[in-house]
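Worksheet: the structure to be examined is printed underneath.
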Amino acid sequence: MLEDRLLLWRFKCGSRDAFGAIYDKYAGDLLTLAANLLGNGSTAEDVVQEVFISFVKSVDKFRLRGSLKSYLSTCVANRARDYIRQKKRRPTVAVNEAAQMTSDAKSPIQLVICTEELQKLKQAITHLPYEQREAIVLRLHGDLRFRQIAKLQNISIKTAQSRYRYGLDKLRSLLNGEVRK
15 MLEDRLLLWR FKCGSRDAFG AIYDKYAGDL LTLAANLLGN GSTAEDVVQE VFISFVKSVD
75 KFRLRGSLKS YLSTCVANRA RDYIRQKKRR PTVAVNEAAQ MTSDAKSPIQ LVICTEELQK
135 LKQAITHLPY EQREAIVLRL HGDLRFRQIA KLQNISIKTA QSRYRYGLDK LRSLLNGEVR
195 K
């Protein structure tokens, strides 16, 4: 967090290298978050690009009150939500961590099993209500606390926790108990 404050200060003073460091540090995670919320890689790239453009334009007024990653993750989630509202379409979720597991498989049999499990998980996630999917993705991938998720969704902390828990429970039931508690 101290490193983020230093980078932010340097960026406000005009250092392009500082912005590059911020971008390099967070762009990958933000892209994964957007892809998980939207299910579309090119749209996710657009959302992340818009967030960084907005960040650059407003950096003079910006005051970091918490973690920069949490702030940028919240911005990405808001932009993703706006995009979904505009397009009025049901997003699908890409689970990049699970995809990474398939590339780490040691044998062809493991690769087939991982690929099948990844497909089942992706399919199950698309059946979750958006609010539950968003709570799960923000908590597990965005590293946001329930307090931050609640603020983002304009709900109570207990409701954020419930959406997360109900989403996980529904995933378990959709996967017919294949995911252990």
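Each residue of the sequence shown is one higher than the last, beginning at 15 in our numbering.
Every residue gets a Cβ at the ideal spot worked out from N, C-alpha and C, and that includes glycine.
Just so it is clear, the structure is predicted and the values come from calculations on it, not from any experiment.
Nearest-angstrom Cβ-Cβ length linking residue i and residue j, presumed shorter than 8 Å
{"i": "Leu45", "j": "Val62", "result": "5 Å"}
{"i": "Leu22", "j": "Leu82", "result": "7 Å"}
{"i": "Leu185", "j": "Ser84", "result": "The pair is not a contact, with the Cβ atoms about 24 Å apart (cut-off 8 Å)."}
{"i": "Ala91", "j": "Leu51", "result": "7 Å"}
{"i": "Asp18", "j": "Leu78", "result": "7 Å"}
Assigned exposure category for residue i - 16 Cβ within 10 Å defines buried
{"i": "Leu16", "result": "exposed"}
{"i": "Val73", "result": "exposed"}
{"i": "Glu148", "result": "buried"}
{"i": "Gln162", "result": "buried"}
{"i": "Arg153", "result": "buried"}
{"i": "Gln146", "result": "buried"}
{"i": "Gly156", "result": "buried"}
{"i": "Ser56", "result": "exposed"}
Cutoff 9 Å: residue i Cβ touching any chain C Cβ
{"i": "Ala32", "result": "Among the chains in the structure shown there is no chain C, since it carries only a single protein chain."}
Coil, strand or helix - residue i by DSSP
{"i": "Leu21", "result": "helix"}
{"i": "Val61", "result": "helix"}
{"i": "Asp157", "result": "coil"}
{"i": "Pro122", "result": "helix"}
{"i": "Gly53", "result": "coil"}
{"i": "Cys27", "result": "coil"}
{"i": "Phe66", "result": "helix"}
{"i": "Gly42", "result": "helix"}
{"i": "Ser81", "result": "coil"}
{"i": "Leu135", "result": "helix"}
{"i": "Asp74", "result": "coil"}
{"i": "Ser170", "result": "coil"}
{"i": "Leu185", "result": "helix"}
{"i": "Asn190", "result": "coil"}
{"i": "Leu86", "result": "helix"}
{"i": "Leu47", "result": "helix"}
{"i": "Leu16", "result": "helix"}
{"i": "Leu142", "result": "coil"}
When you compare the region 149-167 with the region 86-97, are there three or more beta-carbon pairs, one atom per stretch, that lie closer than 8 Å? yes
Are the region 120-138 and the region 36-52 touching by the rule of at least three beta carbon pairs closer than 8 Å? No: fewer than three Cβ pairs fall under 8 Å.
Would you call the region 137-152 in contact with the region 177-192, where contact means no fewer than 3 C-beta pairs closer than 8 Å? With the cut-off at 8 Å, the region 137-152 and the region 177-192 touch.
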